[in-house]
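S.K.: Count along the sequence shown from 1, add 17, and you get the number used in this note's numbering.
All C-beta atoms, glycine included, are put in the ideal place defined by N, C-alpha and C.
This structure is a prediction, so every number in the text was calculated from the model and none was measured.
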Amino acid sequence: METIYCLVPETYWEGYADKGEYVSRTYEAEGFIHATKGDELLVKVANRVYPAFAEGLLVLEIDESKIKAKLLYEEASDGLMYPHIYGPLNTDAIVAVRRMTRETGSWQLGERL
18 METIYCLVPE
28 TYWEGYADKG
38 EYVSRTYEAE
48 GFIHATKGDE
58 LLVKVANRVY
68 PAFAEGLLVL
78 EIDESKIKAK
88 LLYEEASDGL
98 MYPHIYGPLN
108 TDAIVAVRRM
118 TRETGSWQLG
128 ERL
């Protein structure tokens, strides 16, 4: 199984946890759902995008082979390739949800819920 990750504020995820599809907060403006691959890059992105975020932050672990929408790996401004999901994410592709934790002021990947 190839796993990709989506970061989502916990309060935002609560509106989708029991639904069949998920769309990110930026989906309408950008036309895709941001994702990342690999634990190290996930932590780097969390610290770049959510540096002072004080609420709960979750990670959706997604089996990319189960995604029904178009999935493209595209180069970002940092020169790295990121998975982008062009359409709503079917929630049956989400294999686990994990919590991000703060350790010494930095986000770290935490336990599965």
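Do three or more CB pairs link the segment 66 to 86 to the segment 108 to 116 at distances below 8 Å?
M.R.: The segment 66 to 86 vs the segment 108 to 116: in contact.
S.K.: Start and end of the beta strand (DSSP E) containing A113?
M.R.: Looking at the DSSP string, the run of the beta strand (DSSP E) that includes A113 is I111 to E120.
S.K.: Could you tell me which of I21, G127, G37 and W30 sits nearest to P105, measuring between CA atoms?
M.R.: The option with the nearest alpha carbon to P105 is G37.
S.K.: Relative to the alpha-carbon of E120, which residue among E92, V60 and K83 has its alpha-carbon at the smallest distance?
M.R.: The candidate whose alpha carbon is nearest that of E120 is V60.
S.K.: So K87 is in the beta strand (DSSP E); what residue range does that whole segment cover?
M.R.: Run containing K87: K87 to E92, per the beta strand (DSSP E) assignment.
S.K.: Check each candidate in K83, E92, L97 and A71 and name the one with the smallest Cα separation from G122.
M.R.: Here the closest residue by C-alpha is A71.
S.K.: Excluding the 5 residues preceding and the 5 following V66 in the sequence, name in chain order all residues of the same chain whose CB lies nearer than 8 Å to its CB.
M.R.: Correct list, in chain order: L24.
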